[in-house]
Each structure stands twice: as C-alpha cells, then as structure tokens.
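Novice: One structure follows; several queries about it will come next.
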Amino acid sequence: MVNMVNIKENEDLRKLNHSCAHMMAQAIKHLYPNALFWVGPVVEEGFYYDVDLGDKVINEEDIEAISKEMKKIAKDGKRIVRNEISKEEALKEFKDDPYKIDLISRIDEDSTVISTYTQGDFTDLCRGPHVDTVKECKYFKLTKFSGAYWKGDRNNKMLQRIYGVCFRTEEELNAYLTELEEAKERDHRKLGKDLGIYMMDDLVGKGLPMYLPNGYTVWHEFEEYIKNKELNLGYKHVLTPPLGNVELYKISGHWAHYQDSMFPKMEVEGEEFVLRPMNCPHHMMIYGNEIHSYRDLPLRIAEVARDARYESSGSLKGIERVRTFCQNDSHIFCTPDQIESEFRGVVDLILDVYKELNIKNYRFELSLRDKEDKVKYHDDDEMWDKAENKLREVLNDIGIPYVEKIGEAAFYGPKLDVQVKPAVGNEYTLSTCQLDFCLPANFDLKYVDQDGSKKTPVVIHRAILGSIDRFIAFYLEETKGALPLWVNPNQVTIIPVNNEYHLDYANKIYNELKDMNIRVKLDDRDEKLGYKMRESQMMKTPITLVLGNDERDNGTVTLRLYGKDDKVTMKFDEFKSYLKENIDKKTYKL
Numbered sequence: 308m309v310n311m312v313n314i315k316e317n318e319d320l321r322k323l324n325h326s327c328a329h330m331m332a333q334a335i336k337h338l339y340p341n342a343l344f345w346v347g348p349v350v351e352e353g354f355y356y357d358v359d360l361g362d363k364v365i366n367e368e369d370i371e372a373i374s375k376e377m378k379k380i381a382k383d384g385k386r387i388v389r390n391e392i393s394k395e396e397a398l399k400e401f402k403d404d405p406y407k408i409d410l411i412s413r414i415d416e417d418s419t420v421i422s423t424y425t426q427g428d429f430t431d432l433c434r435g436p437h438v439d440t441v442k443e444c445k446y447f448k449l450t451k452f453s454g455a456y457w458k459g460d461r462n463n464k465m466l467q468r469i470y471g472v473c474f475r476t477e478e479e480l481n482a483y484l485t486e487l488e489e490a491k492e493r494d495h496r497k498l499g500k501d502l503g504i505y506m507m508d509d510l511v512g513k514g515l516p517m518y519l520p521n522g523y524t525v526w527h528e529f530e531e532y533i534k535n536k537e538l539n540l541g542y543k544h545v546l547t548p549p550l551g552n553v554e555l556y557k558i559s560g561h562w563a564h565y566q567d568s569m570f571p572k573m574e575v576e577g578e579e580f581v582l583r584p585m586n587c588p589h590h591m592m593i594y595g596n597e598i599h600s601y602r603d604l605p606l607r608i609a610e611v612a613r614d615a616r617y618e619s620s621g622s623l624k625g626i627e628r629v630r631t632f633c634q635n636d637s638h639i640f641c642t643p644d645q646i647e648s649e650f651r652g653v654v655d656l657i658l659d660v661y662k663e664l665n666i667k668n669y670r671f672e673l674s675l676r677d678k679e680d681k682v683k684y685h686d687d688d689e690m691w692d693k694a695e696n697k698l699r700e701v702l703n704d705i706g707i708p709y710v711e712k713i714g715e716a717a718f719y720g721p722k723l724d725v726q727v728k729p730a731v732g733n734e735y736t737l738s739t740c741q742l743d744f745c746l747p748a749n750f751d752l753k754y755v756d757q758d759g760s761k762k763t764p765v766v767i768h769r770a771i772l773g774s775i776d777r778f779i780a781f782y783l784e785e786t787k788g789a790l791p792l793w794v795n796p797n798q799v800t801i802i803p804v805n806n807e808y809h810l811d812y813a814n815k816i817y818n819e820l821k822d823m824n825i826r827v828k829l830d831d832r833d834e835k836l837g838y839k840m841r842e843s844q845m846m847k848t849p850i851t852l853v854l855g856n857d858e859r860d861n862g863t864v865t866l867r868l869y870g871k872d873d874k875v876t877m878k879f880d881e882f883k884s885y886l887k888e889n890i891d892k893k894t895y896k897l
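If you use my numbering, the sequence shown corresponds to residues 308 to 897, in order.
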C-alpha cells in the first residue's frame, strides 16, 4: 500500500504548505488582478485555495502560468511579515473583498487577535504561522483543480479550487508525487470504473451505488465467503426489513443518540417509519421472540443487512462512504461468563479472515467512554468498568497491540475497531466488535439461568467485513484491482490465435470450464492477438489462455498469469486441477 505523509499532521510541512498557498494566491493576483480569495487551508495532501475569478474557469494552461509566476515569486525571496490589527482596521483594509469581510465579520474582536501576512505586494488575512521567506516555498507542485461552491452551499457562487503541495527539497517533492500517482492508480473510484465494478447516477441519488455484473460477482463472493465462515462457527442467519417503526429506535436509544445520522421519518397510515441505520434493534426483537435458557447461549444471530445512513454530500466517497450499504453484521447473545470466550472468538475470526485475505496494513483501537460525558454514554459506572476491563484482559492475553481512545465508544458500550488506511483519504474502521450491557435491558430481554431465575443477556455486536461495500473499496485498493482468482469477476480469458483454425478447440475449453463453474470469457473478436492479450491484462484477468496449433493438437493450454511475462503450457486436465486447487485455497497470488 501507499504510505503517504500527512501534510496536515506534520508541523513543519503544515506551515510550509500554508505559506505556499499564500504564494499561489499572490501569483494568481499578479495574473488576474480582480481575483478574490475565500479560504486556503492546509489539508492532508497539501493545500488548496478557493478563488473567485469572475466568469473565468481554470484550465491546464492557467495552472502552468500560475506555477511559472509562483517560481518567480519564490526566486525573488521576499520576507513574510506578520502584522496584528484591530477588527475595525481589518474591515477597512479589506473593504473591497466581500469574502474577507464575511470572515472578519464573524470574528469576536474581544477574544481574537486579527493578523495579516504580507510578502512583497501581497497581503492576506491569516492566523498563521508562516515560514520566514517565500524562497522556502520553491519546491512545489500544483496538483489538481476543480469547482467548489462558496461555503460548500450549492446555492452560492461556484469558485475555482486549486490544489498544491510543497516540500523542503526537490527529492522529497518528487518522492511524494510518485506516491501520489501510485495512490491515484489504487483509488477504488478509478478502479471501480475501469473494471466495471459499480456506477453512480444523480438521478438515482448521491451516495447510492449500483453494482454492475462484475461488481455484484465480487460482492456475492465476499458475502458467501463470510457467511460460510459464520456457519462453520455456529452462527444462525436471519433476514430482517431495511426499515422499522420509530418506536423501535426510541426503545433502543438510537433515536436519542443517533438521530442526526438517520434519514427523516416517514408516516404511513398513522405509523412513523425510518430507514434503519443499523440492525441491532431488529435482532433484539428476534431474540425476544421466544423464551431462552442459559443452555441456548451463546446465540449468534448474523445477517448481511441493508442499512441507510445520512451522510452529507461532501463526505460521500465512491463505495467507501455511501448513504446505503450492506453490513456483515452479527449479534451474539451470551451470559456474563461467556463474554471473554465470545470476544476472543470474534478477534480470532478477524485475524483469520485478514490472514486468509492477505490484509496486513491495519491496527487495533480500543474505544472507551469519557467518564465525564453523562449525556452521550449510558450512566452506569459499574457496567462500563466491567465491560472495558473484560476487553482489555482478552486483548492483553492474546497479545494484540492496541491503543486506547477515550470518548470514542458507542453510547451503549466499549468497542474494538480495526483501522485501515485507504489509498486516498483518511483512515477508517473496517471491522468492529462492541460489548453491550445496555440494549438487552432496554428491550427487557431475558434468559432462564441454572437456578430458574431470569437474567439479562449481554450482547456483542460485531462486523468482520464491516460494510461489504466499504470492504470492496478497501480490497480493490489493497490489490490495486488485481483481485485474487477466487473472487475475480473474470477468472479466465480464452484467446484463440486464429478463429478459423483454433476456435473449435477454444469453445471446447470454454464449455468445460463453464461446466466447472469457472467465470470464463472467450474472446473470439476479429482483433489482433496482441491487442486482445493487452486488454485482458488491463482488465487484470488472473489467467489468460492462448490457444494455437500446439495446444489444439496436444490437448494443452498455454497460460499467462496477470503481471507476469512468462508463459506456462500444461495439459488441460492438469490446468483444471490447478484452477480448482487455487480457488479452493483462496490463493492470494498465483
């Protein structure tokens, strides 16, 4: 994977990049004297500035011109000078700039120092800090540009957003740009389009992905993979509806704690419904549908369930962050004495899946409550202390390194999150395991204990693949789109050297592979052999078979593996065994 430096979290690079943003604004002002500027923050991948250029829309030639002007400014080497002024002075100095006036007007003059920074003929409103001179900003690159609504509101004017990045040395800049290109090639949004995995259309709705045939094949393979794992571990699968009565979420506590992430309620025949953001209330109801003995526990209920959560349009990202998704969810109902063994079983399953799928770049976070926050968290100190200590004990016993995150727990209990880093963007949670003493009590769930008394079970919420949508996004980036043979939507492509002489044999091979349930494509188009082979490689097909005279006459196949130049010839029966073995073993790389 790509391990790019986070500019925003590096103090020196943050200061350098913010200074470079000002240098870019100065260059833009030289080229477009009427330009006005909104904000120019440092972000994880460098900096950007939002610019009002009237009716002008930036293009590549403009970027080149701005870069050239920035180099002149850096070479001139003017000092960057800080000046502190009053709010009244600031309003006067920037009286002709409505964007700066908007910013200044919202500053509390009694508690905030207003500062400007000047370099040569350019002054900008800014809190700083900055480097000493613009000469320090000479190793930069303007990386991309786009439109951006003022304040992110589509009812406002469209501004021009120009991105860039700056480093201390040319070597550091070039190394970063190389990593940036690698990240772009790994971006699941690009791979999703190139490989025909999914599509989006605003007419359907933002954040609502539609899986194309290739994508649904991948989705289905992962669904069956994890469901088979669960079945072997004693999980029982259920199917529940993707919406529920609002009262259900009031009882669960989600209505009070999670409503901002839910879609608005809808009324039908006097009942209020909401699209469900999670599945636990439904699973609570399934548990409560019958009387349970301690002998029935642990009861592991699992579902690949369709959920919907409200996400602002600005936070949507391919299939990594969407408004509807399928969650590989489960709720384990157990006695207090079973917590440790069940939690350990979940952690073991996570580790087993990650090892089998060759996932290596991840880390564990133990999310705990903030004891001072009596609003967000269920108010039961004994419950929280017991739950948090149980999880610590298991993790310490297994020997898994983890970090504790105060204030990151769910409102009903502590949780263990597995964090991964995508090719582009911020780290996110892939798998999770949460301990819950609260929800079963809210629904008055019981089991009959050995002494005949009724007791409340403990619930462990867990998701191994998490959202299957997000998991596919991650796995596309992790494999750079070269999905393993077992999950690849097109496992084998057959290319006859000459249709006139070799198509009959190719059809024979094709039909036998189809009978084996191999996902195989026969490329019998009237195109050159080299063209068809390159296309197969571009689609990242694990195995390409080239069939000519020798293969036809000897009952063999010649295969080329993705990413390798060498070709291997083997008997067709041997090839069938080779395929079956690698699919059954879920071989990561052939």
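The beta-carbon is built from N, C-alpha and C at its ideal position, and this holds for glycine as well. Remember, it's a predicted structure, so these values are computed and weren't measured experimentally.
Could you pull the DSSP bridge partners for tyrosine 641 from this structure?
Specialist: One detail in the question is off: residue 641 reads as cysteine in this sequence, not tyrosine. Partner(s): Val765.
Novice: Just to confirm before moving on: does the CB-CB distance between glutamate 647 and histidine 544 stay below 8 angstroms?
Specialist: Contact: no.
Novice: Less than 8 angstroms separating the beta-carbons of methionine 506 and leucine 519?
Specialist: Contact flag set, yes.
Novice: Using three-state DSSP, classify tyrosine 446 as helix, strand or coil.
Specialist: Here tyrosine 446 sits in strand by DSSP.
Novice: Out of Met573, Gly551, Gly514, point me to the one whose CA is closest to histidine 590's CA.
Specialist: Out of Met573, Gly551, Gly514, Gly551 has the C-alpha closest to the C-alpha of histidine 590.
Novice: Could you pull the start and end residues of the alpha helix (DSSP H) that proline 278 belongs to?
Specialist: Since the first residue shown for the chain is 308 and the last is 897, residue 278 is missing from the structure and cannot be characterised.
Novice: In chain order, what residues of the same chain have a beta carbon less than 6 angstroms from the beta carbon of methionine 308, not counting five sequence neighbours either side?
Specialist: The predicted model places methionine 308 with a pLDDT of 48, which falls under 50 and marks its position as unreliable, so this point remains unresolved.
Novice: What number of angstroms, rounded off, separates the C-alpha of glutamate 492 from the C-alpha of tyrosine 523?
Specialist: The alpha-carbon atoms of glutamate 492 and tyrosine 523 are separated by roughly 22 angstroms.
Novice: Please say whether phenylalanine 650 and valine 701 have beta carbons closer to each other than 8 angstroms?
Specialist: Yes; because the gap between Cβ atoms is below 8 angstroms, this pair is in contact.
Novice: Tell me where the alpha helix (DSSP H) around glutamine 757 begins and ends.
Specialist: First-last for glutamine 757: undefined, no H or E at that position.
Novice: May I have a chain-ordered list of the beta strand (DSSP E) segments no shorter than 3 residues that lie completely inside the stretch 815 to 853?
Specialist: For the stretch 815 to 853, whole beta strand (DSSP E) runs of length 3 or above, ordered along the chain, are 827 to 829.
Novice: Can you give the Cα-Cα distance for tryptophan 345 and aspartate 409, rounded to whole angstroms?
Specialist: Cα to Cα, tryptophan 345 sits roughly 9 angstroms from aspartate 409.
Novice: Starting from isoleucine 392, follow the beta strand (DSSP E) in both directions and report where the run begins and ends.
Specialist: Run containing isoleucine 392: 388 to 392, per the beta strand (DSSP E) assignment.
Novice: Select from Tyr594, Asp659, Pro516 the residue whose C-alpha is nearest the C-alpha of arginine 628.
Specialist: Answer by Cα proximity: Pro516.
Novice: Whole angstroms is fine: what's the gap from isoleucine 411's alpha carbon to tryptophan 457's?
Specialist: Whole-angstrom Cα-Cα distance: 16 angstroms.
Novice: Would the stretch 580 to 599 count as touching the stretch 747 to 758 if we require 3 or more Cβ pairs under 8 angstroms?
Specialist: Judged by Cβ distances under 8 angstroms, the stretch 580 to 599 makes contact with the stretch 747 to 758, as three or more pairs qualify.
Novice: Hey, out of Glu400, Tyr885, Gly773, Gly855, whose CA is closest to valine 653's CA?
Specialist: Measuring from the Cα of valine 653, the nearest candidate turns out to be Gly773.
Novice: Could you tell me which whole alpha helix (DSSP H) segments of length 4 or greater appear in the stretch 677 to 708?
Specialist: Counting whole runs of 4 or more residues, the stretch 677 to 708 contains the alpha helix (DSSP H) stretches 688 to 705.
Novice: Going by Cα to Cα distance, which pick from Pro348, Gly361, Leu338, Thr631 is closest to glutamate 368?
Specialist: With distances taken between Cα atoms, glutamate 368 lies closest to Leu338.
Novice: State the CB to CB distance for the pair threonine 786 and aspartate 830, rounded to an integer number of angstroms; the pair is presumed to be in contact (CB under 8 angstroms).
Specialist: Going by Cβ atoms, the distance from threonine 786 to aspartate 830 rounds to 23 angstroms, so no, they are not a contact pair.
Novice: Thinking just about the alpha-carbon of each residue, which of Glu663, Ser843, Glu834 is nearest to the one in aspartate 891?
Specialist: The residue with the shortest Cα to Cα distance from aspartate 891 is Glu663.
Novice: Just to confirm my understanding: we take glutamate 784, look at its own chain, exclude 5 residues before and 5 after, and list those with CB closer than 6 angstroms. What are they?
Specialist: Same-chain partners within the cutoff: Arg493, His495, Pro729, Ala730.
Novice: If you measure between the beta carbons of isoleucine 626 and aspartate 776, is that distance less than 8 angstroms?
Specialist: In contact: isoleucine 626 and aspartate 776 (Cβ atoms closer than 8 angstroms).
Novice: Bridge partners for lysine 874 per DSSP, in chain order?
Specialist: In DSSP, lysine 874 forms a bridge with Arg867.
Novice: Whole angstroms is fine: what's the gap from phenylalanine 632's alpha carbon to phenylalanine 529's?
Specialist: The alpha-carbon atoms of phenylalanine 632 and phenylalanine 529 are separated by roughly 14 angstroms.
Novice: Would you mind working out which of Gly384, Met877, Lys402, Thr430 sits nearest glutamate 391, comparing C-alpha positions?
Specialist: When each option's Cα is compared against that of glutamate 391, the closest is Thr430.
Novice: On the three-state DSSP scale, how would you describe asparagine 635?
Specialist: Three-state result, asparagine 635: strand.
Novice: Measuring CA to CA, which of Lys407, Glu316, Asp872, Val388 is closest to glutamate 396?
Specialist: The shortest Cα separation from glutamate 396 among Lys407, Glu316, Asp872, Val388 belongs to Lys407.
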